[in-house]
Amino acid sequence: MYKQLTLMPMLDGHVKINKAALSDAAVMLTLTDLHDRNYQSLPTITDRWYFNTRQGFSRTPSRCA
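Per the working numbering, the very first residue in the sequence shown carries number 25; after that it's consecutive.
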């Protein structure tokens, strides 16, 4: 009736992956990059723009973790 999906542990057991995903280069690059960063998110830099009546457009850089 249904095929059983077999998941294999990879990257020190942190990720379980099937055989089809092993052959996908984008999936493997993403998982390897996450593992190399110890599963921490990348810092995101957001710029907040506002209109100052004296200076015109101004930008306030802020960093989100």
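All C-beta atoms, glycine included, are put in the ideal place defined by N, C-alpha and C.
Can the beta-carbon of residue i be found less than 7 Å from the beta-carbon of residue j?
i	j	result
Val39	Ala45	no
Leu35	Asn42	no
Which residues in the same chain have their Cβ closer than 6 Å to the Cβ of residue i, if we skip the five residues on either side of it in sequence?
i	result
Arg83	Asp71, Trp73
Thr77	none
Consult DSSP for residue i and reduce its assignment to one of helix, strand or coil.
i	result
Lys27	coil
Thr56	helix
Taking residue i as part of the beta strand (DSSP E), name the residues at either end of that continuous run.
i	result
Pro33	32-34
Asn76	68-76
Can you find the residues in the same chain that come closer than 8 Å, C-beta to C-beta, to residue i, ignoring five residues on each side of it along the sequence?
i	result
Leu29	Asn42
Asp60	none
Who are the Cβ neighbours of residue i in its own chain at under 7 Å, not counting the five residues just before and after it?
i	result
Leu55	Leu35, Val39
Counting only beta-carbon atoms, is residue i nearer than 7 Å to chain C?
i	result
Thr68	Checking the listed chains, one finds no chain C in this structure; it contains a single protein chain.
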